[in-house]
Structure formats: structure tokens, C-alpha cells
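Have a look at the structure below, then the notes.
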Amino acid sequence: MSSDILTRSSTHWSEAGRAGMDAFYTLATDDYRHLAEARDWATWMSEAQSRAGGRSLRLLDVACGSGKFPNALVRHAGVAEAGLNKIATDLLDPSAFSIAEARAALPVPFAASAEHETTLQDFTPPPEGYDIVWATHALYAVPAADLPAAARRFCDAIGPGGRGVIAHSAAAGHYIEFHRRYLEAFAAAEVAPYISAEDLAAALRDSGAEVSVTEVRYESVAGPDDTAAVEGYLQRCVFDDSVSLAEMQARDPVTEWLTAAQAKDGWRFPQLVHLMDITV
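Every number in our numbering is 1384 more than the matching position in the sequence shown, counting from 1.
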């Protein structure tokens, strides 16, 4: 397993890693439902449409993954019934596999437009920018040295009157805290820690953006017999399928975290997500 966090991530976002991806989404799909229910997105996007006038909204989906967020907005936030024009959706991801998955999954009114097989920090936004730029649970693997450049590119992509949105685990949330404990237990000298929401907000502000934060708290839940799904979820949380659930449960400080997450009715992983609104 490569020690480069971006390489580790890209290896898992591939056809060869599909089984692990599917196991991960047994629990993680609910992340996007909670985001979709965190605000009135139909009104929020209708306001963006009003600012854009009669033309299609231009959206950049950064590190688009498997297209879970647009689907959650349609299923849980009424976006398809909001009277929006077609949303021209540019898909950005360093993985061609992810771009193909997201493109195939886009629901109406989202419509795939340009594709950008690159990292955010290496992206050159079009001069006109986008009405909406978002990254939802997408930027954990940005190398710390590249974070300032990634933040600048995110801001540069927001066009006049546009809005940016990032949803990302806070340092105290499961995705960051579990990864920190995993590094201490198994790979502290080899793998960089994930970028936290607090890291992202600081870098965006350093780039001149205004950032407001709404906390979203919930639990990722699995039943007591869903051992395989929990193992796949946790392995994908750290991009390492070589460490079994049993090994994780036997190695502190991961043991402490997993013991606290296990109850009679199954598993409950505590999530603390910062929903960030970004203006430039």
C-alpha cells in the first residue's frame, strides 16, 4: 500500500476497488441524506437560478466521487420539483472511474457537462467560473502542502455572484478522528493525516474567502450482524483493506473508538460535519 495519501485514495476509487466502495456506501450513503436534510436546498438552488437568470446553472462538483450528493438532493430535498432549469454539471476528480460513476448516476435536473480528470489544486477554472462549486466529503486526501493551492482554485472557480459549499468532517468527527487513531495504531510514520474541516476553512479564509459554518451532527448506523459492511466501511475510511476489523478491535487507540461505537443494537459512529458556505 502506497504511503502517498492521494495515491491510496485513487487506488480505492477504481473498478478493482468496487467491492470495498460498495461496502463503504452501505453506511456512508446516509452522509448525503443528512446533508440533504440539513437545509432547504430547493430554495437555496432556486435563489441561485434567480441570480443566473434564464440560462442553465453552471455547477462544478469537486472530487465528484460516485455522484451521491446530487441524488440525495433529488430524493430528500425536493430539488427536482424546484422548477430549476437544467444544471450543467462539470465533474472534477483525479479518478476517471469516479467521473464515469458520477456521470452515470446524475439525476434530472443535473446534466453532465465537461469532465476534468485532475486534482482540485491542479485545476484551471474557466474565466466565467461557476454559479455553484461544491465538494461534499471529498477533500480528505488533499496533501497538506497542496492545501493552499486547492483552496485558491476552489475560490477561483466561483464566478461572479456564485456560491461555494463544502461539507467535511470536523476534527472531532468520525472520519478525521478514526483516521488519526488508525495512523497511531498502524501507520503513523508512513501516511499523512486527513485534512479536517477546520484546516479547509482556515485555508479558504487565507485565500480571501468568507466562510460561514453550520454544524451537522448524526450517527452512521449499522446492525449488530453487519460485520462485513462495518469492516468494509472502516477499511475505506482509511483506504487500507489489509487491516481486518478484528485487528482494528485489538489495537489501541482504535480499540477504544470501536468499543465506544458498539452497542447492543449495533454500531453507531458519531459524525460531526461542518457545512461551509463560501463567498468570494
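Glycine residues also receive a C-beta, built at the ideal position from the N, C-alpha and C atoms. Fair warning: this is a prediction, and the values are worked out from it, not measured in the lab.
With distances taken Cα to Cα, identify the nearest neighbour of Ala1484 among Asp1506, Asp1474 and Pro1493.
Taking the sequence shown and counting its residues from 1, the one referred to as residue 1484 is at position 100. It is Asp1474.
Taking the CB atoms as reference points, tell me whether Gln1619 and Asp1625 lie closer together than 8 Å.
By one-based count along the sequence shown, residue 1619 stands at place 235. By one-based count along the sequence shown, residue 1625 stands at place 241. For Gln1619 and Asp1625, yes; Cβs fall inside 8 Å.
How is the beta strand (DSSP E) around Thr1427 delimited, first residue to last?
Within the sequence shown, the letter at position 43 stands for residue 1427. No beta strand (DSSP E) holds Thr1427; the alpha helix (DSSP H) holding it covers Trp1425 to Ala1436.
Let's test the definition: count the other Cβ atoms within 10 Å of the Cβ of Ile1662 and tell me whether it reaches 16, buried, or not, exposed.
On the sequence shown, position 278 is the one that residue 1662 refers to. So Ile1662 counts as buried.
Does DSSP put Gly1592 in a helix, a strand or coil?
Your numbering for residue 1592 matches position 208 in the sequence shown. It is coil, neither helix nor strand.
Since Ala1587 and Pro1532 are thought to touch, with beta carbons under 8 Å apart, how far apart are those beta carbons, to the nearest angstrom?
What you label residue 1587 is simply residue 203 of the sequence shown in a count that begins at 1. What you label residue 1532 is simply residue 148 of the sequence shown in a count that begins at 1. About 6 Å; that satisfies the 8 Å criterion.
What would DSSP say about Glu1501, mapped onto helix, strand or coil?
As a working mapping, residue 1501 is identified with position 117 in the sequence shown. Reduced to three states, the DSSP call for Glu1501 is coil.
I'd like to know if the segment 1505–1520 and the segment 1540–1553 are in contact, where contact means that at least 3 CB-CB pairs between them fall below 8 Å.
Flag = yes, the segment 1505–1520 and the segment 1540–1553 touch.
In three-state DSSP terms, what is His1563?
Numbered from 1 along the sequence shown, position 179 holds the residue referred to as residue 1563. Helix.
What are the start and end residues of the beta strand (DSSP E) that includes Arg1459?
As a working note, residue 1459 is residue 75 in the sequence shown. That residue, Arg1459, is in no beta strand (DSSP E); its alpha helix (DSSP H) goes Lys1452 to His1460.
Is it buried or exposed for Ser1604, if we count other Cβ within 10 angstroms and need 16 for buried?
As a first step, residue 1604 is located in the sequence shown; it is residue number 220 there, counting from the start. Burial call: buried.
To the nearest angstrom, how far is the alpha carbon of Ser1345 from that of Arg1601?
Outside the shown range of the chain, which is 1385 to 1664, sits residue 1345, and nothing can be said about it.
Would DSSP call Gly1557 helix, strand or coil?
Locating residue 1557 in the sequence shown gives position 173, where the first residue counts as 1. Three-state DSSP puts Gly1557 in coil, outside helix and strand.
Quick one: give me the first and last residue of the beta strand (DSSP E) that Leu1523 is part of.
Within the sequence shown, numbered from 1, the residue matching residue 1523 stands at position 139. Where Leu1523 is concerned, there is no enclosing beta strand (DSSP E), given that its DSSP letter is neither H nor E.
Kindly identify the DSSP beta-bridge partner or partners of Pro1654.
Residue mapping note: residue 1654 aligns to position 270 of the sequence shown, counting from 1. According to DSSP, which records beta bridges pairwise, Pro1654 is partnered with Glu1603.
Give the single residue among Asp1477, His1521 and Val1517 whose Cα lies nearest to the Cα of Thr1503.
The residue labelled residue 1503 in the question sits at position 119 within the sequence shown. Nearest option by C-alpha distance: Asp1477.
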